[in-house]
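There are 2 protein chains.
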Amino acid sequence: MTGVFDALAADRGRIERASAAQRVADLLREHITEGRLSPGTRLSEEALGEALTVSRNTLREAFRLLADQRLVVHELNRGVFVRVLEPADVADIYTLRLALETAGVRALRSATPERLAAVRTALARAEAAEAFGDWVTVGTADLHFHQAIAGLAGSRRIDECMARLMAELRLAFAAVPSASGLHEPFLRRNQTLAGLLESGEIDDAEVELTRYLDDARAVIVRAMTDGTA
Amino acid sequence: MTGVFDALAADRGRIERASAAQRVADLLREHITEGRLSPGTRLSEEALGEALTVSRNTLREAFRLLADQRLVVHELNRGVFVRVLEPADVADIYTLRLALETAGVRALRSATPERLAAVRTALARAEAAEAFGDWVTVGTADLHFHQAIAGLAGSRRIDECMARLMAELRLAFAAVPSASGLHEPFLRRNQTLAGLLESGEIDDAEVELTRYLDDARAVIVRAMTDGTA
DNA sequence: GCTAGGGGATTGTGGAACAATCCGACAAGA
DNA sequence: TCTTGTCGGATTGTTCCACAATCCCCTAGC
Chain A
10 MTGVFDALAA
20 DRGRIERASA
30 AQRVADLLRE
40 HITEGRLSPG
50 TRLSEEALGE
60 ALTVSRNTLR
70 EAFRLLADQR
80 LVVHELNRGV
90 FVRVLEPADV
100 ADIYTLRLAL
110 ETAGVRALRS
120 ATPERLAAVR
130 TALARAEAAE
140 AFGDWVTVGT
150 ADLHFHQAIA
160 GLAGSRRIDE
170 CMARLMAELR
180 LAFAAVPSAS
190 GLHEPFLRRN
200 QTLAGLLESG
210 EIDDAEVELT
220 RYLDDARAVI
230 VRAMTDGTA
Chain B
10 MTGVFDALAA
20 DRGRIERASA
30 AQRVADLLRE
40 HITEGRLSPG
50 TRLSEEALGE
60 ALTVSRNTLR
70 EAFRLLADQR
80 LVVHELNRGV
90 FVRVLEPADV
100 ADIYTLRLAL
110 ETAGVRALRS
120 ATPERLAAVR
130 TALARAEAAE
140 AFGDWVTVGT
150 ADLHFHQAIA
160 GLAGSRRIDE
170 CMARLMAELR
180 LAFAAVPSAS
190 GLHEPFLRRN
200 QTLAGLLESG
210 EIDDAEVELT
220 RYLDDARAVI
230 VRAMTDGTA
């Protein structure tokens, strides 16, 4: 059944417009993960609907999407609020991250060339951004690097799961004051990790990854408790 | 801050009414995972809304919830359909399952007593159901057993992720004709796996788990392709 | 200071209407 | 006969409005 139009069919997604609810959700997600909407903010149906010129119904559909991605919380009869991340949430996120990224590392030998290239590309981007002192981009590239590691498993569901985790994690980053000093030490360790992967030292990479995530979690949790307490 | 009402607070969920959309989604999920709504079925907004006596708005919110859980697919301007699982989906599900359950096995030593008890309980239920020849219940208990294994990691997000995967997997089971012979051989291996966990043989348990999931995937994929082709 | 109750604001849900889109049927042409 | 253009019915996408249910804050009363 495979024909000459397979390449076109693969790009089918490009012609499909997104629904209004989807677009609204995308927009809100962007604002939330970039910190322009701070955690705890109440998202009034009426006010937001007017601001975005969409009806309450459409907005509510968008809220459902975001709630499922844990970026907002929906309290019955009270409305939706930008998610406030507790330190316990961050710990939980890192537990899942470890599981997913470990799965990626372990699948190193059976990873496709594209997946391997994605790891290198993300690291290269982080290094380039560091040269410019652009720490926000370094942070983004860091997330992409680790997403690429989990991606080595070659699983669509793992990819989606990681993407959600990273979006959630940005909520935590937004709560941390100085993003500049946050990523610098971890870039070095990403390079170490990438080196171990390049030389195929899976077990060592796994150990390094575990330590990396433990330390990163500790740093963020501490920053969060320092900031609030 | 912890007081004498902690036990009551833990049951808070029981008194909180769910929204209509949530209830509709729960109802539909039940019908889908139990095979009463076969994959591919179109869920007409008008017909379903009338059958459940809820408005189209409410129904659409429920659809968003189910779509995010991958139990239905939403095609723009065409409607929502009960998800049809491809063999590739099953393979993907098992990749993620392996990652999550492995994380549980590895966290064995730091697992809480409740989490450990959940593993034993699920296994006992499967054995009891086997004695009655109730293979449907064996299948359910099997899913709970593996959910409990992933649960050893003690992570809320891993729990939720597994719960979704299991719901998806039921879609595949629905496509397999004889559920009776499907679970029997795997119950034995669950017992083996549980034994390794009881005696703390983490590495062996991990190996056995990996083989188990590989075999289970192969069985289901074959049953699916046999059934359709 | 605490409790009870009232009023205003917001969400939850239903319903109707219209536009946008899809799909099948039918007709015209090569 | 096969392909292509066009039309019309049916369904979804989105908006708007109405009203009940619920929450939250404020005030009165003890």
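So the protein sequences, as listed, match chains A and B.
Per the numbering used here, the first sequence starts with residue 10, numbered consecutively.
Per the numbering used here, the second sequence starts with residue 10, numbered consecutively.
Beta carbons: idealized from backbone N, C-alpha and C, even for Gly.
Quick caveat, the model's predicted, so the values are computed rather than measured.
Apart from the five residues on each side of it in sequence, which residues of its chain come closer than 7 Å, Cβ to Cβ, to A/E70?
Correct list, in chain order: A30.
Going straight from the alpha carbon of B/R173 to that of A/R118, what length do you get?
Approximately 28 Å, taken between the alpha carbons.
Do three or more CB pairs link the stretch 135-150 of chain B to the stretch 75-83 of chain A at distances below 8 Å?
Too few Cβ pairs lie closer than 8 Å, so no.
Is there contact here, the stretch 88-100 of chain A with the stretch 45-57 of chain A, by at least three beta-carbon pairs under 8 Å?
As far as the Cβ criterion goes, the stretch 88-100 of chain A touches the stretch 45-57 of chain A, which means the pair count is three or higher.
Taking its Cβ as the centre, do 16 or more other Cβ atoms sit within 10 Å of B/L36, making it buried, or is it exposed?
The residue in question, B/L36, is exposed, as its Cβ has fewer than 16 Cβ neighbours within 10 Å.
Are there three or more Cβ pairs, one per stretch, closer than 8 Å when the stretch 152-161 of chain B is compared with the stretch 101-115 of chain B?
Yes: the two stretches touch, three or more of their Cβ pairs being nearer than 8 Å.
For B/E25, I'd like the list of residues in its chain whose CB is within less than 6 Å of its CB, leaving aside the five on either flank, ordered along the chain.
Below a pLDDT of 50, predicted positions are generally treated as unreliable, and B/E25, at 48, falls in that range; the measurement from the model is reported next regardless. Excluding sequence neighbours, B/E25 sits near nothing in its chain.
Check this for me: beta carbons of A/L94 and A/A232, under 8 Å apart or not?
Contact: no.
Mind checking whether A/V185 and A/L178 have CB atoms under 8 Å apart?
Contact: no.
Between which two residues does the beta strand (DSSP E) containing B/V93 stretch?
Element bounds for B/V93: n/a, residue is neither H nor E.
Against chain B, which members of the stretch 60-85 of chain A pass a CB distance test of less than 7 Å?
Per Cβ criterion, the list reads N66, R69, E70, R73, L74, D77 and L85.
With DSSP as the reference, identify every bridge partner of A/L52, one or two as the case may be.
DSSP lists A/V89 as partners of A/L52.
Between A/R197 and A/Y221, is the Cβ-Cβ spacing less than 8 Å?
Not closer than 8 Å, so no.
Can you tell which of B/Q200, B/R124 and B/P194 has its C-alpha closest to the C-alpha of B/R165?
For the residues B/Q200, B/R124 and B/P194, the minimum Cα distance to B/R165 belongs to B/R124.
Give, in chain order, every residue of the stretch 148-177 of chain A whose Cβ lies closer than 7 Å to some Cβ of chain B.
Within the stretch 148-177 of chain A, the residues whose Cβ lies closer than 7 Å to some Cβ of chain B are A162, S164, R165, R166, I167 and C170, listed in chain order.
Tell me which residue opens and which closes the alpha helix (DSSP H) that B/V81 is part of.
Careful: B/V81 lies outside any alpha helix (DSSP H), inside the beta strand (DSSP E) at V81 to E84.
Under the assumption that B/L202 contacts B/M175 (Cβ atoms under 8 Å), give the Cβ distance between them as a whole number of angstroms.
Wrong, their Cβ atoms sit about 17 Å apart, outside the cutoff.
Is it the case that the Cβ atoms of B/F195 and B/A225 are separated by a distance below 8 Å?
Result yes, Cβ atoms of B/F195 and B/A225 sit closer than 8 Å.
Would you verify that the beta carbon of A/V230 is, or is not, closer than 8 Å to some beta carbon of chain B?
Judged by the 8 Å Cβ criterion, A/V230 is not in contact with chain B.
On the DSSP letters alone, give me the boundaries of the alpha helix (DSSP H) that A/G160 sits inside.
From DSSP, the alpha helix (DSSP H) with A/G160 extends over W144 to G160.
What is the C-beta distance between A/A131 and A/F154, in whole angstroms, given that I count them as a contact (C-beta under 8 Å)?
Sure, about 4 Å apart at Cβ, within 8 Å.
Let's test the definition: count the other Cβ atoms within 10 Å of the Cβ of A/R65 and tell me whether it reaches 16, buried, or not, exposed.
Answer is exposed; the Cβ neighbour count stays below 16.
Under 8 Å by Cβ, that's how I've got A/L105 and B/I167 pegged, so tell me the actual separation to the nearest angstrom.
The pair is a contact, with the Cβ atoms about 6 Å apart (cut-off 8 Å).
Could you check whether the Cβ of B/S28 sits closer than 8 Å to any Cβ belonging to chain A?
So, interface residue.
From which residue to which residue does the alpha helix (DSSP H) around A/E169 run?
Looking at the DSSP string, the run of the alpha helix (DSSP H) that includes A/E169 is R165 to A184.
Quick check: the Cα distance between A/H27 and B/L206, rounded to an integer number of angstroms?
In the sequence on display, residue 27 of chain A carries Ala and not His. Each residue's alpha carbon lies about 47 Å from the other.
Nearest-angstrom Cα distance between A/E193 and A/T219?
Approximately 18 Å between the Cα atoms of the pair.
Give the interface partners of B/D212 over in chain A, defined as CB-CB distance under 8 Å, in chain order.
Near B/D212 there are no residues of chain A at all, since even the closest Cβ is about 12 Å away, more than 8 Å.
Can you find the residues in the same chain that come closer than 8 Å, C-beta to C-beta, to B/L109, ignoring five residues on each side of it along the sequence?
Same-chain partners within the cutoff: A159, A162, I167, C170, M171 and L174.
Kindly indicate the opening and closing residues of the alpha helix (DSSP H) around B/R117.
It should be noted that the sequence gives Leu, not Arg, for residue 117 of chain B. It is not in any alpha helix (DSSP H) - B/L117 carries neither H nor E in the DSSP assignment.
Going by alpha carbons, who is nearest to B/A127 out of B/P96, B/A56, B/A150 and B/D143?
Taking only the C-alpha atoms, the option nearest B/A127 is B/A150.
Buried or exposed for B/D235, going by 16 or more other Cβ atoms inside 10 Å?
B/D235 should be labelled exposed.
Three-state secondary structure (DSSP) at A/R45?
If DSSP states are grouped into helix, strand and coil, A/R45 belongs with coil.
Apart from the five residues just before and just after A/H83, which ones in its own chain have a Cβ nearer than 6 Å to its Cβ?
A76 and V89, listed in sequence order.
Mind checking if A/I41 is an interface residue toward chain B, Cβ cutoff 8 Å exclusive?
No, its Cβ sits nowhere closer than 8 Å to a Cβ of chain B.
Using only the alpha-carbon positions, how far apart do B/A227 and B/A183 sit?
In a straight line, the C-alpha of B/A227 is about 16 Å away from that of B/A183.
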